[in-house]
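Under the working numbering, the first residue of the sequence shown is numbered 23, with each subsequent residue one higher. The C-beta atom is built at its ideal place from N, Cα and C for all residues, glycine as well. Here's the structure we're looking at; comments come further down.
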Amino acid sequence: MKRLVIAMPLLWIFAGWLSLTSSAQSAFQPEEYLILLGIYHQQSLAAYSTPDSSLSYQTELRATIADSVGLSSGVKLWYRSPDVGLSNSWDLWLQGDTLAIVSIRGTVNRPDSWLENFWAAMVPAQGQWQINDSTRFTYRLATDPRAAVHAGWLLGMASIAPDVVHHLHQIYAHGIRQVIITGHSQGGVISYLLAAYLHYSTDPVIADSLQYQVYASAAPRPGNLYFAYDFDHVFQEKAFHIVNPEDWVPQTPLSVQTLQDMTAVNPFHDVNSLFHQGNWLVRWYLRQQFHKLEKRTRKASSMMTTFFGSKIQKAVKRYLPQLQTLPYVSSTEYVAAGQPIVLKPDSHYFNKAVFNGHNYFVHHALSAYAYLVKTNFGGHLTTP
Numbered sequence: 023m024k025r026l027v028i029a030m031p032l033l034w035i036f037a038g039w040l041s042l043t044s045s046a047q048s049a050f051q052p053e054e055y056l057i058l059l060g061i062y063h064q065q066s067l068a069a070y071s072t073p074d075s076s077l078s079y080q081t082e083l084r085a086t087i088a089d090s091v092g093l094s095s096g097v098k099l100w101y102r103s104p105d106v107g108l109s110n111s112w113d114l115w116l117q118g119d120t121l122a123i124v125s126i127r128g129t130v131n132r133p134d135s136w137l138e139n140f141w142a143a144m145v146p147a148q149g150q151w152q153i154n155d156s157t158r159f160t161y162r163l164a165t166d167p168r169a170a171v172h173a174g175w176l177l178g179m180a181s182i183a184p185d186v187v188h189h190l191h192q193i194y195a196h197g198i199r200q201v202i203i204t205g206h207s208q209g210g211v212i213s214y215l216l217a218a219y220l221h222y223s224t225d226p227v228i229a230d231s232l233q234y235q236v237y238a239s240a241a242p243r244p245g246n247l248y249f250a251y252d253f254d255h256v257f258q259e260k261a262f263h264i265v266n267p268e269d270w271v272p273q274t275p276l277s278v279q280t281l282q283d284m285t286a287v288n289p290f291h292d293v294n295s296l297f298h299q300g301n302w303l304v305r306w307y308l309r310q311q312f313h314k315l316e317k318r319t320r321k322a323s324s325m326m327t328t329f330f331g332s333k334i335q336k337a338v339k340r341y342l343p344q345l346q347t348l349p350y351v352s353s354t355e356y357v358a359a360g361q362p363i364v365l366k367p368d369s370h371y372f373n374k375a376v377f378n379g380h381n382y383f384v385h386h387a388l389s390a391y392a393y394l395v396k397t398n399f400g401g402h403l404t405t406p
């Protein structure tokens, strides 16, 4: 009996380590996510290594809840990229000799990094993009020609993808086959696009020989419904969208649905058949109101595409003057992707995460997510 008592804690510790190194996990692992939160925290510390009192976003993103985000001793940093594109960067961490973690850094408090978020017009999910005079990026993120994604985050993914592929070949040569693609906030949404890009790669090592999981933490919505359908079909239960329901970031970008966003076969395209019964005056009135609503949604969507597309692109080109234009898709219906993992707050959470009228990222902070994953999965966690 005494041997059993001693052995049980060892089994729990081993199970926690095993959760991150086991192959082809098909269920959300809270232990994995806590380790990833520690990696995001290290990236944040590195990004803000130079003190700057003006970086209020830095302060809010840090410890708004008194709950530390520690780094597991079982992972080590193997590579950290320089800043590229619009202040994009990524890390490669290793867990033993079986698992690689591609962690994409989120938004930093620089104008170009925020421009990437605001460049929220949609572009096709497959095509070619001339980034500069010497770089043409060919990409395929979905098979459905109707699929479209956020222009700014596609640029962020395109900026890091060649470097990621190069290093994935290196870890493949060392025998690693399991890869987690992850990030928090902007890093989380780019992880969707990067995972889709790697899946549809024409490189057999990248597309066929490596197995991917996606942990998109506090991620905004990456693209339209057809991209989300394609992504969810490909990754099934191996891509997770972790959200705090009090966090506003996963509710962005702003979205407007129009009839153009719907599949071709639907009754709303033929108003006469939709309102074909009843008094003629009532039918006439309903048709008129329907047309007004439809016209207003189209106008709102068009205005959003103009502002978040061509106007923001002018500002982007100040940083990347050789960047060529992609055709915009006439849609602003953004949809979430991945299996939702909802971290529901308990009553104590709101005593810790207090909005003071200025700290708009209080529910987006890494410490908030760490607190919530522990309270939601505390009975199932096998690591501290």
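Three-state secondary structure (DSSP) of residue 394: Residue state, collapsed to three classes: helix.
Residues near residue 211 in its chain [Cβ-Cβ closer than 8 Å; skip 5 each side]: Contacts found: 172, 175, 205, 238, 241, 242, 243 and 244.
Alpha-carbon spacing of residue 126 relative to residue 148, whole angstroms: Straight-line Cα distance between these residues: approximately 21 Å.
Identity of the residues DSSP links to residue 321 by a beta bridge: Residue 321 pairs with nothing; no bridge assigned.
Closest residue to residue 49 among 129, 264 and 218 (Cα-Cα distance): Measuring C-alpha to C-alpha distances from residue 49 to each of 129, 264 and 218 identifies 264 as the nearest.
Span of the beta strand (DSSP E) around residue 99: Per DSSP, residue 99 belongs to the beta strand (DSSP E) from 97-102.
Reduced DSSP secondary structure (H/G/I, E/B, other) of residue 198: When DSSP states are grouped into helix, strand and coil, residue 198 belongs to the coil group.
Nearest-angstrom Cβ-Cβ length linking residue 345 and residue 139, presumed shorter than 8 Å: Not a contact, Cβ separation roughly 17 Å.
Under 8 Å between C-beta atoms of residue 360 and residue 214: Yes, the Cβ-Cβ distance between residue 360 and residue 214 is below 8 Å.
Residues near residue 398 in its chain [Cβ-Cβ closer than 8 Å; skip 5 each side]: Excluding positions up to five away in sequence, the list reads 52, 365 and 366.
Cβ pair residue 187, residue 230 closer than 8 Å: With respect to residue 230, residue 187 sits apart: the two C-beta atoms are not nearer than 8 Å.
Beta strand (DSSP E) segment containing residue 115, residue limits: That run of the beta strand (DSSP E) goes 112-117.
Close-in-space but distant-in-sequence residues of the same chain around residue 347 (CB under 8 Å, 5 per side omitted): A distance below 8 Å between beta-carbons, with the five flanking residues on each side excluded, links residue 347 to the following residues of its chain, in chain order: 335.
Buried or exposed (CB count within 10 angstroms, at least 16 for buried), residue 260: Label assigned to residue 260: buried.
DSSP beta-bridge partners of residue 234: In DSSP, residue 234 forms a bridge with 201.
Distance CB(residue 388)-CB(residue 59) smaller than 8 Å: Taking C-beta atoms as the reference points, residue 388 and residue 59 count as a pair closer than 8 Å.
First and last residue of the uninterrupted alpha helix (DSSP H) at residue 373: Per DSSP, residue 373 is one residue of the alpha helix (DSSP H) stretching across 371-374.
Residue range of the beta strand (DSSP E) that includes residue 361: It spans 361-364 - the beta strand (DSSP E) in which residue 361 sits, taken as one unbroken run.
8 Å Cβ cutoff met for residue 164 and residue 248: Yes, they are a contact pair.
Sequence-distant residues of its chain with Cβ nearer than 8 Å to residue 236 (five each side left out): Within the same chain, residue 236 has close Cβ partners 202, 203, 204, 213, 214, 217, 257, 260, 261, 262 and 360.
Cβ-based neighbour list, residue 323, same chain, cut-off 6 Å, excluding 5 preceding and 5 following: The answer, listed in chain order, is 278, 280 and 354.
Cβ-based neighbour list, residue 132, same chain, cut-off 7 Å, excluding 5 preceding and 5 following: 109.
Proximity to residue 157 [Cα-Cα], best of 169, 183 and 234: When only C-alpha atoms are compared, the closest one is 183.
Exposure label - residue 400; buried when at least 16 CB within 10 Å: So residue 400 counts as exposed.
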